[in-house]
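Residue numbers (the working numbering): 16 to 433.
One structure is given below, encoded as structure tokens.
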């Protein structure tokens, strides 16, 4: 990669805090934790599980989250669905509601008087909350879990975060160096949560899904992933369906599996009703990863799913369409790839087709070689084999463990150190 593109270090930096602070072993804490969408809720749930293991029955949680965080003890101020919107157009439409929720969350945080505030991803929602808490209560430490993509676009955000974020927990190995270069807050690479599932993924059996779907063993398998948000599904199902049709015209009629989030299952089924190959639509995380392991290759929307496919060793082609306003902001993007797996590798291995290039002709032409033992497939498989090591911390600690070290450090010492 060239220019401002961050490079992945060979050895990610170690955690600055290696063990649970002694003062955390007897104290009780209040932690205010805020997630803005379902992926953040999953991340928050893992963090809370580790915190609970370190400090059993000694942490009170308040904030905003979904079912994963509620399972670990969070009392949410309102349903996560109230603020879980993505994309410039959708955010603008929901702005009055989101603004009300921001102020309500800030008031709740100040009333809770927490030992630490943890914001998780969704910067359009969580960062205004953090700024207002910092302004009114500068003594409360704030930890941000998941770096905004300052290395990709709007790099000035890094410096702007420094006054209200005490520590940033990064999922990708090149992010600490990017924040250091851009003047961002102290940043530690904790690792991607997918690493914590690698042993589970390797051991996951696939025969049960093959039997339930009645897959024809003589046919190849294509996983199609049109996104987890309604706005993505609505624009990607047509070109992805056209791609399946082009494959059929080329003599490839695969078994097609579409992993779907539950609330989009019916919409996906309706959009796929006219496809030349009737897809198997599945739900649930376990079956999604079973499908990845079964598949010869995948056609996917851009996003975290590209790392999930990479961890499963599934070759892929990525396509993406965005709304008109977001398309007009493409000039702000500072990286040559929107695929996280490519960024981790520091190499454009997995082909991507954006906007007008996200069409059946180009997508199918890139997919066809992946169904056979071609040089294109072998190149992807070799790259996929490198990703787990590149995504693992050199000290072997899990992301949740490192994140917990840092959160507890700030909960114990944050106020006294200000």
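Every residue, glycine too, gets a C-beta built ideally from N, C-alpha and C.
Checklist entry - Taking Cβ positions, are residue 147 and residue 121 nearer each other than 7 Å? => result Residue numbering aside, residue 147 sits at position 132 when the chain shown is read from its first letter. Residue numbering aside, residue 121 sits at position 106 when the chain shown is read from its first letter. Taking 7 Å as the Cβ cut-off, residue 147 and residue 121 qualify as a contacting pair.
Item to check | Nearest-angstrom Cα separation, counted from residue 298 out to residue 175 | outcome: Taking the chain shown and counting its residues from 1, the one referred to as residue 175 is at position 160. Taking the chain shown and counting its residues from 1, the one referred to as residue 298 is at position 283. Taken atom to atom, the span from the alpha-carbon of residue 175 to that of residue 298 is near 40 Å.
Item to check | Helix, strand or coil at residue 386 according to DSSP, with G and I counted as helix | outcome: Within the chain shown, numbered from 1, the residue matching residue 386 stands at position 371. DSSP places residue 386 in helix when its eight states are reduced to three.
Checklist entry - Just the Cα atoms here: how many angstroms apart are residue 237 and residue 45? => result Counting from 1 along the chain shown, the entry for residue 237 is found at position 222. Counting from 1 along the chain shown, the entry for residue 45 is found at position 30. For residue 237 and residue 45, the distance between alpha carbons rounds to 47 Å.
Next on the checklist: Following a CB-centred definition, is residue 47 positioned closer than 6 Å to any heavy atom of the ligand MG?
Outcome noted: The model on display carries no ligand, and the ligand MG is accordingly not part of it.
Checklist entry - What residues match up with residue 266 in a beta bridge as DSSP calls it? => result The residue given as residue 266 occupies position 251 in the chain shown. Per DSSP, none; premise fails for residue 266.
Item to check | Helix, strand or coil at residue 212 [DSSP, three-state] | outcome: For the purposes of this step, residue 212 is taken as the residue at position 197 of the chain shown. Helix.
Checklist entry - Rounded to whole angstroms, how far is the Cβ of residue 314 from the Cβ of residue 268, which I believe are closer than 8 Å? => result Start at 1 with the first residue of the chain shown, and residue 314 comes out as number 299. Start at 1 with the first residue of the chain shown, and residue 268 comes out as number 253. 15 Å between Cβ atoms; not a contact.
Checklist entry - Can you give, in chain order, each stretch of the beta strand (DSSP E) that sits fully within the region 102–179 and has at least 3 residues? => result List check, beta strand (DSSP E) in window: 131–135 and 157–160.
Item to check | the region 198–208 in contact with the region 286–306 per 3-pair CB rule at 8 Å | outcome: No contact exists between the region 198–208 and the region 286–306.
Checklist entry - Can you tell me whether DSSP reads residue 91 as helix, strand or coil? => result Indexing the chain shown from 1 puts residue 91 at position 76. In the structure shown, residue 91 sits in a strand (DSSP, three-state: E or B).
Item to check | Continuous beta strand (DSSP E) stretch holding residue 77: start and end | outcome: Residue mapping note: residue 77 aligns to position 62 of the chain shown, counting from 1. Annotation for residue 77: the continuous beta strand (DSSP E) segment containing it runs 74–79.
Checklist entry - Straight-line CA distance for residue 419 to residue 263? => result Within the chain shown, residue 419 is the residue found at index 404, counting from 1. Within the chain shown, residue 263 is the residue found at index 248, counting from 1. Taking the straight line from one Cα to the other gives about 50 Å.
Next on the checklist: Using only the alpha-carbon positions, how far apart do residue 429 and residue 319 sit?
Outcome noted: Against the chain shown, residue 429 aligns to sequence position 414. Against the chain shown, residue 319 aligns to sequence position 304. Roughly 32 Å separates the two Cα atoms.
Next on the checklist: Would the region 357–376 count as touching the region 325–339 if we require 3 or more Cβ pairs under 8 Å?
Outcome noted: As far as the Cβ criterion goes, the region 357–376 touches the region 325–339, which means the pair count is three or higher.
Item to check | DSSP state of residue 59 mapped onto helix, strand, coil | outcome: Numbered from 1 along the chain shown, position 44 holds the residue referred to as residue 59. In the three-state reduction of the DSSP assignment, residue 59 falls in the helix class, which pools H, G and I.
Next on the checklist: When you compare the CB positions of residue 208 and residue 61, do they come within less than 7 Å of one another, or not?
Outcome noted: As a first step, residue 208 must be located in the chain shown, where it is residue number 193. As a first step, residue 61 must be located in the chain shown, where it is residue number 46. Contact: yes.
Next on the checklist: Would residue 129 and residue 47 be called neighbours here (beta carbons separated by less than 7 Å)?
Outcome noted: The residue labelled residue 129 in the question sits at position 114 within the chain shown. The residue labelled residue 47 in the question sits at position 32 within the chain shown. Yes.
Checklist entry - Helix, strand or coil: how does DSSP classify residue 304 here? => result The count along the chain shown starts at 1 and reaches residue 304 at position 289. Under the three-state reduction of DSSP output, residue 304 falls in the helix class.
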